[in-house]
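Have a look at the structure below before the remarks.
4 protein chains.
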Amino acid sequence: MVESRGRGRPRDPQVREAILEAAYALLQRGGLAAVTMEGVAERAGVGKPTVYRWWPNSGAVAMAALMEHAAPATTASRSKSPITALRRQLRALAEIFATPLGRSVGAMLAASDTQTELSKSFRNHFIGARREEGRELLERAIEAGEVWRGIDVDATLDLLYGAVFYRLIAAPANIDSNYSDRIVSLLLAGISAELH
Amino acid sequence: MVESRGRGRPRDPQVREAILEAAYALLQRGGLAAVTMEGVAERAGVGKPTVYRWWPNSGAVAMAALMEHAAPATTASRSKSPITALRRQLRALAEIFATPLGRSVGAMLAASDTQTELSKSFRNHFIGARREEGRELLERAIEAGEVWRGIDVDATLDLLYGAVFYRLIAAPANIDSNYSDRIVSLLLAGISAELH
Amino acid sequence: MVESRGRGRPRDPQVREAILEAAYALLQRGGLAAVTMEGVAERAGVGKPTVYRWWPNSGAVAMAALMEHAAPATTASRSKSPITALRRQLRALAEIFATPLGRSVGAMLAASDTQTELSKSFRNHFIGARREEGRELLERAIEAGEVWRGIDVDATLDLLYGAVFYRLIAAPANIDSNYSDRIVSLLLAGISAELH
Amino acid sequence: MVESRGRGRPRDPQVREAILEAAYALLQRGGLAAVTMEGVAERAGVGKPTVYRWWPNSGAVAMAALMEHAAPATTASRSKSPITALRRQLRALAEIFATPLGRSVGAMLAASDTQTELSKSFRNHFIGARREEGRELLERAIEAGEVWRGIDVDATLDLLYGAVFYRLIAAPANIDSNYSDRIVSLLLAGISAELH
DNA sequence: CGGTAAACGAGACGGTACGTCGTGTCTTTGA
DNA sequence: TCAAAGACACGACGTACCGTCTCGTTTACCG
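As structure tokens, this is what we get:
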């Protein structure tokens with residue numbers, strides 16, 4: 001039986017695109033605060049109710065715009081050793097979060113409610129995807145014998161990504177380019193005196 | 197030379213208190229969005245300009261209210277071993293940030309501009325203080341021979357606090373009570389295969 | 393030459409009926425303001441463009457609905473004397489205009505543009521018809537010798553119906569049941585001192 | 589005991605004036621429909637909430653603007669005979685109501701709710717005042733022996749003003765210059781055959 | 001009898017205005 | 001001279017209808 005596919009006029013994907021484009025532009029200059037429903041509608045050449053038809057509030061539009069435009073994942077280098085690739089990925093992440101736009105992402109992640117579908121997918125887009133990539137790298141490192149088989153992979157990932165994120169929030173603008181290297185090295189070596 | 201000590205009616209500290217009290221109450225029900233200058237002024241029985249005389253905007257009032265009310269530091273247990281104390285502190289931190297109010301703090305940390313004096317002191321209050329405590333514990337652990345002398349203390353602290361913070365944002369409500377234990381253990385042991 | 397009588401699907405009179413029914417219902421509760429194209433369409437179970445296919449705007453729909461439902465003329469009693477019948481008619485008119493629906497009619501009469509075909513027919517329906525009936529009664533009264541042959545019939549009718557209408561607008565809810573009697577009597581007798 | 593005369597900043601009468609001025613200008617071009625709260629606020633160089641602080645809706649603003657600008661009463665000529673003055677007044681009334689602005693007044697009178705203070709005073713301003721003037725003229729005519737002492741003055745006034753108003757609505761633009769003369773004459777003479 | 005043209009329901013669209021809320025500045029009166 | 005009260009210009013909020021448009025579907029007529 002064929003699904004009855006909606007009766008009225010179908011939604012125009014170009015409208016969606018125009019709105020996200022406008023939101024993204026506003027986000028760049030002015031940050032999150034500049035993404036107002038009114039401003040987005042005007043810039044997109046679209047009626048305000050139309051924006052509301054697609055997203056319930058300005059935060060959601062901003063999220064959607066960010067997800068549409070931001071690198072959907074990282075370009076993981078396959079050639080290098082997994083540990084090196086991990087270092088690269090962390091460095092790239094740090095650089096992204098140092099951007100004004102990256103700060104917006106961080107703020108939204110921290111501020112967004114836990115429940116809505118959109119904020120889940122936002123989290124998944126900006127955290128989950130990279131984390132999965134990191135998990136893969138970590139597992140390849142284990143296979144390669146560079147990382148111990150018995151580790152708690154989830155906790156390890158938390159430590160890695162958490163440090164970057166934390167630094168961003170706790171002491172912004174202090175993430176030098178080799179910060180991620182130090183983290184990885186530290187984690188690799190452990191801090192227990194017995195090991196050294 | 198005598199300081200001319202203000203000519204007119206002096207600022208009333210009770211007014212300050214009333215404002216912060218009102219802001220805190222609004223923060224509890226309704227979160228950050230509920231802390232409006234207007235609402236605070238009304239609830240405090242105070243004129244709006246008076247609120248503006250003390251703080252420049254609603255975010256600042258909320259920050260000040262949180263700093264006034266939140267545990268100014270943790271009650272670090274001195275008796276236990278430093279590592280155990282660190283584990284306790286991390287667990288306490290995770291619990292605090294899991295609170296609605298804690299989430300507000302997280303959101304403000306992520307959203308606040310980097311520069312203003314207030315946001316610096318806010319960060320210092322909620323992150324710096326605990327971090328200093330953590331540093332002290334870590335150094336005592338080094339003295340006690342539990343942690344290797346050569347580690348990068350700052351990076352270690354980033355890893356520890358970052359993981360908690362990150363978990364909170366990335367996958368809220370999934371911090372079980374022994375999460376901090378796993379982190380500390382993992383970090384102690386390192387992840388390098390060579391060590392195991 | 394035969395008019396090519398439309399090629400496509402003919403208009404459905406039941407749709408027209410449903411729309412007017414819906415409009416009338418909305419008119420009763422909520423008055424003129426409640427008759428929105430959107431509301432009418434929904435209540436009639438009809439698409440908005442369909443409503444627009446029949447009438448150009450909400451005012452027109454309301455007018456049409458009123459004309460469809462309101463007494464198309466009065467049931468003039470033939471038996472009585474013309475003057476008595478006139479008194480009855482005026483009293484009935486006053487009662488109708490005291491109704492919420494009647495007030496709507498008044499408002500539409502006062503507000504409607506002069507030109508459109510619909511507002512002309514609306515005026516004709518609610519004013520013209522009764523006026524013609526009144527004219528007939530007046531002429532029968534002349535025939536019967538109750539009214540002087542030389543009077544200006546149009547002006548007389550204006551005076552009669554105008555008073556009711558005016559009272560409705562000028563001092564609403566003050567039209568007692570014998571108000572029309574007083575008017576007729578007054579007009580019959582004249583106000584000149586010489587006559588008395 | 590002195591009346592406590594309000595604590596805050598007093599309302600600025602210039603603001604009131606600016607709003608009414610703007611509303612009146614919009615009323616002239618575009619009629620009632622052009623008097624939107626938004627448009628008025630913009631044209632007056634005033635915030636929307638300020639307009640709402642003075643009047644509850646656009647209709648009220650329009651009424652107030654009309655009352656502020658329209659001739660507060662007519663300048664009744666004292667010199668002539670009362671009947672002649674009455675004729676003049678009626679003619680002036682007809683001319684005013686034939687104006688676009690006058691039609692607006694008529695529409696508002698018909699549409700306005702009965703109860704609010706503003707619509708009462710509006711009615712009083714545009715109808716009551718002239719009616720009182722008419723009553724005075726009528727009474728002077730009685731004194732002068734031109735009109736019979738026993739008449740129902742209220743009903744007479746209704747007949748006079750009602751006819752003008754009615755003609756305006758029922759058959760707009762058909763009020764020739766001597767229409768009012770015919771009405772007055774007719775009413776003076778009565779329509780009863782017995783009198784003639 | 002099958003094609004076609006219009007009417008139909010649904011509802012998205014660009015707009016305008018609504019009435020409310022919060023901001024940050026200002027101007028009073030009262031203490 | 002500061003504090004309360006609150007009016008003010010501003011601007012965004014989210015909603016309601018407007019009148020137009022594009023869909024897919026239905027129903028007559030005409031070839």
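Residue numbers (this note's numbering), protein chains in the order written: chain D, 1 to 196; chain P, 197 to 392; chain A, 393 to 588; chain X, 589 to 784.
Every residue, glycine too, gets a C-beta built ideally from N, C-alpha and C.
- Counting C-beta atoms within 10 angstroms of its own C-beta, Arg421/A has fewer than 16 neighbours from the protein chains shown and is therefore classed as exposed.
- The alpha carbon of Gly59/D has as its nearest neighbour, out of Ala23/D, Ala85/D and Ile83/D, the alpha carbon of Ala23/D.
- The three-state secondary structure of Ser572/A, taken from DSSP, is helix.
- Residues of the same chain with a CB within less than 8 Å of the CB of Phe514/A, apart from the 5 flanking positions on each side, are Met455, Leu458, Met459, Met500, Leu501 and Ser504 in chain order.
- The DSSP-derived three-state label of Ser584/A is strand.
- Going by beta carbons, Ile279/P and Ala337/P fall inside the 8 Å limit.
- Under the DSSP assignment, Gly134/D falls in the alpha helix (DSSP H) whose first and last residues are Ala129 to Glu143.
- Residue pairing by DSSP puts Val539/A in a beta bridge opposite Ser780/X.
- Each residue's CA atom was taken as its position, placing Gly298/P and Ala229/P some 14 Å apart.
- The beta-carbon separation of Ser180/D and Leu90/D, rounded to 4 Å, stays under the 8 Å limit for a contact.
- The criterion of a C-beta distance shorter than 8 Å is satisfied by Val61/D and Val51/D.
- The C-beta separation of Leu745/X from Leu726/X comes to about 7 Å, placing the pair in contact by the 8 Å criterion.
- Of all residues in the stretch 305-336 of chain P, only Leu305, Ala306, Ala307, Thr310, Arg319 and Ile323 come within less than 7 Å of chain D when Cβ atoms are compared, listed by chain position.
- Counting only Cβ-Cβ distances below 7 Å, Trp446/A has no contacts in chain X at all, with the closest Cβ about 23 Å away.
- A straight line joining the alpha-carbon of Arg363/P with that of Val35/D spans about 28 Å.
- Classified as exposed, Arg399/A has fewer than 16 neighbouring CB atoms from the shown chains inside 10 Å of its CB.
- Collapsing the DSSP output to three states places Trp55/D in coil.
- Excluding sequence positions up to five before and after Tyr161/D, its CB lies within less than 8 Å of the CB of Leu90, Leu93, Ile127, Arg130, Arg131 and Gly134, all in the same chain and listed in chain order.
- Sequence-distant Cβ neighbours of Arg345/P in its own chain, meaning closer than 7 Å and more than five residues away, are Ile338.
- A Cβ-Cβ separation of about 5 Å places Arg574/A in contact with Ala743/X under the 8 Å criterion.
- Contact between Leu159/D and Ala221/P fails: their C-beta atoms lie close to 37 Å from each other, not under 8 Å.
- Residue nearest to Gly498/A within the set Trp446/A, Gly423/A and Ile543/A is Gly423/A (criterion: CA-CA distance).
- In terms of beta-carbon proximity, Val628/X stays away from the interface with chain A, with every pair separated by 8 Å or more.
- Listed along chain A is no residue with a C-beta nearer than 7 Å to that of Val623/X; the closest approach is about 14 Å.
- By the Cβ-count criterion, Arg249/P is exposed, with fewer than 16 other Cβ atoms from all chains shown falling within 10 Å of its own Cβ.
- The beta carbon of Ala340/P lies closer than 8 Å to those of Ser277 and Pro278 in the same chain, with the five residues before and after it left out.
- Taking the CA atoms as reference points, Leu615/X sits about 20 Å from Asn712/X.
- For Arg9/D, the three-state secondary structure derived from DSSP is coil.
- Comparing C-alpha distances from Gln115/D to each of Leu216/P, Ala385/P, Ala366/P and Asp348/P shows the shortest one belongs to Ala366/P.
- Collapsing the DSSP output to three states places Gln14/D in a helix.
- Setting aside the 5 residues that flank it on each side, Ala629/X is surrounded in the same chain by Lys636 and Val639, each with a C-beta closer than 6 Å to its C-beta; the list follows chain order.
- For Asp154/D, the uninterrupted alpha helix (DSSP H) segment begins and ends at Val153 to Ala170.
- Any Cβ of chain D closer than 8 Å to the Cβ of Gly226/P would place that residue at the interface, and such an atom is absent.
- Gly190/D and Ala385/P have their C-alpha atoms some 5 Å from each other.
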